[in-house]
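Its first residue numbered 6, the sequence shown is counted upward by one per residue in the numbering used here.
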Amino acid sequence: MQLSLSVIIPAYNVERFIQKAIVSVLEQAEVTEIIVVDDGSADTTTLLVTQLQKDSPIIKLYHHPNKDNKGRSASRNLGIQKATGEFIAFLDADDYFLPNRFANDFKLFQEIKDCDGVYNAVGFHFYRTASEQELKTHQLYTVRQKLAPEDLFKNLLYGRCGHFHINGLTLKKTVFEATGFFNEELVVAEDSEMFWKMAIKCRLETGIINQALAARGVHENNIFDNEKLYRVFTIRMHETLAIWCSKNGVSKAIIDDILKWIWMLKYQQRNQLYQDITAWALFFFSQPQLLFTIYSIKYFPVIRYRQMLFPFLYERK
6 MQLSLSVIIP AYNVERFIQK AIVSVLEQAE VTEIIVVDDG SADTTTLLVT
56 QLQKDSPIIK LYHHPNKDNK GRSASRNLGI QKATGEFIAF LDADDYFLPN
106 RFANDFKLFQ EIKDCDGVYN AVGFHFYRTA SEQELKTHQL YTVRQKLAPE
156 DLFKNLLYGR CGHFHINGLT LKKTVFEATG FFNEELVVAE DSEMFWKMAI
206 KCRLETGIIN QALAARGVHE NNIFDNEKLY RVFTIRMHET LAIWCSKNGV
256 SKAIIDDILK WIWMLKYQQR NQLYQDITAW ALFFFSQPQL LFTIYSIKYF
306 PVIRYRQMLF PFLYERK
């Protein structure tokens, strides 16, 4: 059976990396379409892509209206809308695929008929000098054990078995009918929110997790090194996920777990009580479907502080 696979590459000022990324995709026999979305680059990114197009007609180049810079989520979303393949994969423009990236994925899709996606391990490639600690910790970005699809979300939420990276994910395009597109309001953590939506609504299978099928470029301009930005948007991501769950018929147990994490993340910030009450009010009063539930009481800061300090008062008899 002939399968069609579109690989989406969002690109912004990546003249240093884009050729290596695209060539690594061209080397994958299963790929039928490469979609590069230039997100308003001011360097030679577009020129390099158009040069590659001359010899490789499967490469397609798109821009946002007026060649604006709209961010990774908007660029991935445009790529999804333009994709013609029945399967979708993503590659960040400063990363690259390794040989035989998709061979095992399509084997699993054929063997497991209700499989919506496959996730795999991703390695690291240092474009700068790495510290000894980085060389120890930056080896494989992966889920560390095979998980049943129904167990994946909770393991991702609690970080019990690691995480997977977008470069190691292959999906049926129909997945986005269940999840919607990437959240364009999130500057970072938008990929984690999408992965968790997929884990809740779809069946994602464990692929190759003990060796890398793609490499993540580590260099001076990586956004994942911005801890302050991630602290802000990790909480925001949990909030938007809880809202999405409440609007999409997701189980109360899952919503409760997400709200618990929001509370714990806020507690770690060591805010004043009035700050936590203000944050609680802004969140719950903006979401009537959550405000008029037990959650707004359970996660009211004073209640949560009492539960933590006096757990025996709240134990079920």
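Note that beta-carbon positions come from the ideal geometry of N, C-alpha and C, so glycine has one too. Only a predicted model underlies this, so the values are computations on that prediction, with no experimental measurement involved.
Proximity below 9 angstroms, CB of residue i to CB of residue j
i	j	result
Leu-57	Glu-35	no
Phe-131	Ile-171	no
Ile-39	Leu-31	yes
Met-242	Asn-160	no
Gln-216	Leu-145	yes
Residue i versus residue j: straight-line alpha-carbon distance, rounded
i	j	result
Glu-225	Asp-99	12 angstroms
Val-193	Lys-303	29 angstroms
Val-19	Thr-50	6 angstroms
Val-127	Val-307	42 angstroms
Gln-294	Asn-253	11 angstroms
Arg-106	Val-223	20 angstroms
Lys-72	Gly-185	24 angstroms
Ile-13	Gln-24	14 angstroms
Gln-277	Gly-84	43 angstroms
Met-203	Lys-141	30 angstroms
Ile-263	Leu-96	28 angstroms
Ala-108	Ser-29	14 angstroms
Lys-75	Asp-60	29 angstroms
Leu-218	Phe-102	6 angstroms
Gly-212	Gln-33	17 angstroms
Leu-162	Thr-298	22 angstroms
Asp-196	Val-180	14 angstroms
Asp-43	Leu-53	11 angstroms
Gln-86	Lys-65	13 angstroms
Thr-55	Ile-27	12 angstroms
Ile-214	Asp-119	21 angstroms
Asp-261	Leu-157	17 angstroms
Gln-273	Ser-301	20 angstroms
Tyr-67	Ala-79	12 angstroms
Glu-139	Asn-227	14 angstroms
Arg-21	Phe-305	49 angstroms
Lys-233	His-143	20 angstroms
Thr-175	Phe-92	7 angstroms
Pro-15	Leu-296	37 angstroms
Glu-81	Asp-110	Per the sequence shown, the amino acid found at residue 81 is Arg instead of Glu. Using only the alpha carbons, I get a separation of about 21 angstroms.
Ile-259	Ser-46	40 angstroms
Nearest neighbour of residue i, chosen from the options [CA to CA]
i	options	result
Glu-190	Gln-144, Thr-245, Leu-152 and Thr-175	Thr-245
Lys-177	Arg-21, Asp-44 and Thr-89	Thr-89
Asp-48	Ala-26, Tyr-17 and Tyr-124	Tyr-17
Val-148	His-168, Gln-274 and Lys-202	His-168
Gln-7	Arg-77, Phe-114 and Ala-220	Phe-114
Gly-173	Glu-182, Leu-161 and Gly-122	Gly-122
Ser-256	Asn-109, Tyr-101, Cys-166 and Lys-206	Lys-206
Pro-62	Leu-145, Thr-37 and Glu-137	Thr-37
Arg-165	Pro-104, Gln-150, Thr-179 and Glu-155	Gln-150
Ser-251	Pro-70, Ser-291 and Gly-45	Ser-291
Met-269	Asn-227, Ile-240, Trp-249 and Ser-136	Ile-240
Tyr-235	Ala-258, Glu-198 and Trp-249	Glu-198
Asn-125	Asn-82, Thr-134, Ala-135 and Ala-94	Ala-94
For residue j and residue i, believed in contact at Cβ under 8 angstroms, the rounded distance
i	j	result
Lys-265	Ala-284	In fact, because the Cβ distance is near 15 angstroms, the residues do not count as touching under 8 angstroms.
Phe-129	Arg-221	5 angstroms
Ile-267	Ala-247	7 angstroms
Arg-77	Pro-154	Going by Cβ atoms, the distance from Arg-77 to Pro-154 rounds to 26 angstroms, so no, they are not a contact pair.
Ile-117	Glu-182	So it is not a contact: roughly 19 angstroms between Cβ atoms.
Min CB distance residue i to chain D below 9 angstroms
i	result
Thr-50	No chain D appears in the structure shown, which is made up of a single protein chain.
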